[in-house]
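Take 271 as the starting number for the sequence shown in my numbering and just add one per residue.
For every residue, glycine included, the Cβ atom is placed at its ideal position computed from N, Cα and C.
Here is the structure we will look at.
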Amino acid sequence: MQSLAEFHTKTTNQLFSIDHSNIWHPFTQEKLYPTKFLVKSAKNEMLNVIDETGKETQLIDGVSSWWVNIHGHCNKYINEKIKEQIDKLEHVMFAGFTHEPAIELVDRVRRILPRVDMTNLHDTAPTLNRAFFSDNGSTSVEVAIKMATQFWHNQNFENKKRIIAFKDSYHGDTVGGMSTSGTFMNSAFKSLMFPVDFVSSPAPNFGRRDKNLSIAEHELFIEKEIEKAGKQSIKEIEKLLELHPNKFSCIIIEPLIQGSGGMKFHSVEFLRSLRKLSRENNILLIADEVFTGFGRTGDDFACKEAIIVPDIICLSKALTGGYLPMGLTFCTDEIYEAFYSDSRLKAFFHGHSYTANPLACTAGIASFDLYTKEKRLDDVKFINSKMIQALKMPDLLLHPLVRNIRIMGAVAVVELETQKESNYFDEFGPMLYQKFLSKGILLRPLGNTLYFMPPYTISVSALEYCLKTIKEVISELEYTV
Ligand SMILES: Cc1ncc(COP(=O)(O)O)c(C=O)c1O
C-alpha cells in the first residue's frame, strides 16, 4: 500500500493526473475545461499556484474565492483562533447540547441584522432573534423554505403552501434551492423540483446599447429600466395574489443583487414595495443574503440598505470569513413561537450532522471581530470609490463593446455587448477567463458579464492593477459585434 510520505513526493504532473482521473469539479464541463491550476498556498488577495507544466505563478483572487472571502486568505488572526479552538472542542451533537462558540456567534451577528423597517414605521419592526444553523448557502435556504412552510402548517393554515420566486434568481443546488432558482441550470432536474410561482426579475435585461445616447442619458435610461422592471415584478406578484388569495406561504429574494443570474441590480424602492406587499398579504419574506451579506453591497446587509426587515434571512459565504462551510438562518420571534409547543410534532424537523460546528463558529466569531474592529465597511467604501474612478470613465462607458457598467459596494460589473441578451454560455466568458489568467488575475465571468469582486483587504496596488487591467483588456477587445 502507498504510504503518505510517498504521496507527498508526487510530481505536479502526477498530482494533476490523479485529479483528472478521480475528481469531479463543480460547475465544470471537464472535457472542455479540465483543471489547470493547483493552489499551493495563499495570502491575502494572492494565490500561489502551479500550472500543469510545473510553472509557479501568483494570481490575484478577483472573485473572493467564490464570493466567500472578505479578510483575505490565511488571515493570521482567524488562523490562530481556529488553532486554539481545535484543541478544545471540534464537534458537538447540537440537539440537546450547546457550546460557547455557537452562542457567541449568534449573539453577535444578531445585533447587526436589519432592525429598522421604513415600511412598517407605525408598528414595531419584527426582530430577527432566532438562529438555525446549517452547512452552507443552499442549506440555509432549504431551512428558510421549510421553516416558512411548517410555520403555516403548525398553525393549521393548510392552504398557505405556494412560494413566489424571481426569474434569474439563484438560491443553491439542493432541491429547495433549485426549485426556487429561476435559472437555466436546472433543466435536467425539473422532475425533482417542486412547483414555484416565478415572476419577472426586478432587474432588467439590457439589450444592445443605443449608441445615440450620451453617458448621462444612458445612465438615466438604466435607472428608468430598473424602475420599470421593479414595477412589473410587483404587478405580477399582485396578479398572483389576486388569482390565489391566501395561498402563499413565502416570497424569496436575493436583495439588491441577483448574483449567479448575471450580477443584476435592482432598486431599494422595489424591495420596500415587496416588503409592504408581503406584509399586507400575510406572506413571509425570505431575504437570501448568502452572497450580499457582510458588506458586499456597501452596508452590513442589503436589507439594511433598503431599510427593511425580512421575516427570515439566510447567511453563509462571508459568515466564516470564507474559512469553513456554515449556514445561518435567522427568523423572527413570531415564526419561532409557531414551533414552540407541547406537541412534539410541531418541532422543526430539520438538522445536519455538522450543525453549529464549533470550528466553523469560531471562524465566524474571529471573522466578525475583524469585520467590526478593522471596519470592513470602510474598506468596501474605498474599493467602491476606486472602482467608480477607474471604470465609470467615458472611454470605457462609450466603448462599442460595453453594454453597461454597474458598481455597487465591492462589486463591479461590466456587461459586454453581444448580438443577443446576456447569456451565461456566451463565448466572451471562457475567452476573458483565459485572458485575465494570463495577466495574473482570477476572474470568472458569467458569459458576457464580467465582474470583479475582491476580498475587502486587497492591497491598493493589487486593486489598482486589476482595475487598470480590466480597462486595458476591454479596450483591446476586437470590435466584431
Ligand atoms: C444568493 C445565493 N444563495 C445561495 C447560494 C448557495 O450557496 P452554497 O454554494 O454555499 O450552497 C449562493 C451561492 O452562490 C448564492 O449566491
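Residues of its chain near residue i, where Cβ-Cβ distance is below 6 Å and the 5 sequence neighbours each way are ignored
| i | result |
| --- | --- |
| ASP248 | Only positions 271 to 751 of the chain appear in this structure, which leaves residue 248 out of reach. |
| LEU716 | GLY532 and TYR694 |
| VAL751 | Confidence in VAL751 is poor, its pLDDT being 48 and thus under 50, which makes the residue's placement too unreliable to answer from. |
| TYR721 | MET533 and VAL683 |
| SER404 | SER410, VAL413, GLY597 and HIS622 |
| ILE556 | ALA414, CYS520, ILE522 and ILE582 |
| GLU374 | ILE635 |
| SER530 | TYR440 |
| GLY565 | ARG646, LEU647 and VAL650 |
| THR625 | PHE364 and PHE403 |
| LEU510 | ASP467 |
| GLY332 | ILE711, LEU712, LEU713, PHE722, PRO724 and CYS736 |
Any non-hydrogen atom of ligand 3 closer than 6 Å to residue i Cβ
| i | result |
| --- | --- |
| PHE561 | Among the ligands in the structure shown, ligand 3 does not appear; only ligand 1 can be found there. |
Where the alpha helix (DSSP H) containing residue i begins and where it ends
| i | result |
| --- | --- |
| GLN420 | 407–424 |
| ILE744 | 730–746 |
| LEU302 | Here LEU302 belongs to no alpha helix (DSSP H), and DSSP marks it neither H nor E. |
| ALA372 | 370–382 |
| SER335 | 334–337 |
| ILE356 | 346–356 |
| LYS574 | 572–576 |
Cβ shell of residue i (< 7 Å), same chain only, five flanking positions each side left out
| i | result |
| --- | --- |
| VAL338 | LYS587, ALA588 and GLY592 |
| GLU322 | PHE286 and LYS306 |
| ARG432 | ASP467, HIS514, LYS517, PHE518 and SER519 |
| VAL730 | none |
| PRO472 | PHE436, ALA499, GLY500, SER503, HIS536 and PHE540 |
| THR590 | MET596, ALA630, ALA633, GLY634 and SER637 |
| ASN456 | MET448 and MET463 |
| ILE492 | ASN674 |
| PRO525 | LEU541, ALA557, GLU559, THR562, ALA572, CYS573 and ALA576 |
| GLU497 | SER537 |
| PHE459 | MET448 |
Contact test: residue i Cβ vs ligand 1 heavy atom, cutoff 6 Å
| i | result |
| --- | --- |
| GLU524 | yes |
| HIS441 | yes |
| SER755 | What the structure shows of the chain is the stretch from 271 to 751, and residue 755 is not part of that stretch, so it cannot be assessed. |
| ASP558 | yes |
| GLY407 | yes |
| SER586 | yes |
| GLY532 | no |
| GLY477 | no |
| GLY529 | yes |
Range covered by the beta strand (DSSP E) that runs through residue i
| i | result |
| --- | --- |
| ASN318 | 316–321 |
| ASP331 | 326–331 |
| ILE400 | The sequence given here places Arg at residue 400; Ile does not occur at that position. Segment 398–404, the beta strand (DSSP E) holding ARG400. |
| ASP467 | 467–469 |
| LEU285 | No beta strand (DSSP E) holds LEU285; the alpha helix (DSSP H) holding it covers 282–292. |
| LEU585 | 582–585 |
| PHE518 | 518–523 |
Neighbourhood of residue i by C-beta, 8 Å cutoff - its chain only, sequence neighbours within 5 removed
| i | result |
| --- | --- |
| TYR703 | LEU713, ARG714 and PRO715 |
| PRO664 | ILE485 |
| VAL743 | LEU702, LYS705, PHE706 and LYS709 |
| TRP294 | GLU300 |
| LEU666 | VAL672, ILE675, VAL684, LYS741, ILE744 and SER745 |
| THR281 | GLY324 |
Within-7 Å CB hit, residue i to chain D
| i | result |
| --- | --- |
| PRO465 | Judged by its chain identifiers, the structure shown contains no chain D, having just a single protein chain. |
*asked:* So within the segment 594–630, which uninterrupted beta strand (DSSP E) runs reach at least 3 residues, ignoring any that extend past its ends?
replied: With a minimum length of 3 residues, the continuous beta strand (DSSP E) runs that stay inside the segment 594–630 are 597–602.
*asked:* Extract the residue ranges of the beta strand (DSSP E) inside the segment 643–724, only unbroken runs of 3 or more that lie entirely within it.
replied: The qualifying runs are 672–678, 681–686 and 719–722.
*Sequence ranges, beta strand (DSSP E) only - wholly within the segment 526–567, length at least 3*: 554–558
_Segments assigned beta strand (DSSP E), at least 3 residues, entirely inside the segment 426–493_ = 432–436 and 467–469
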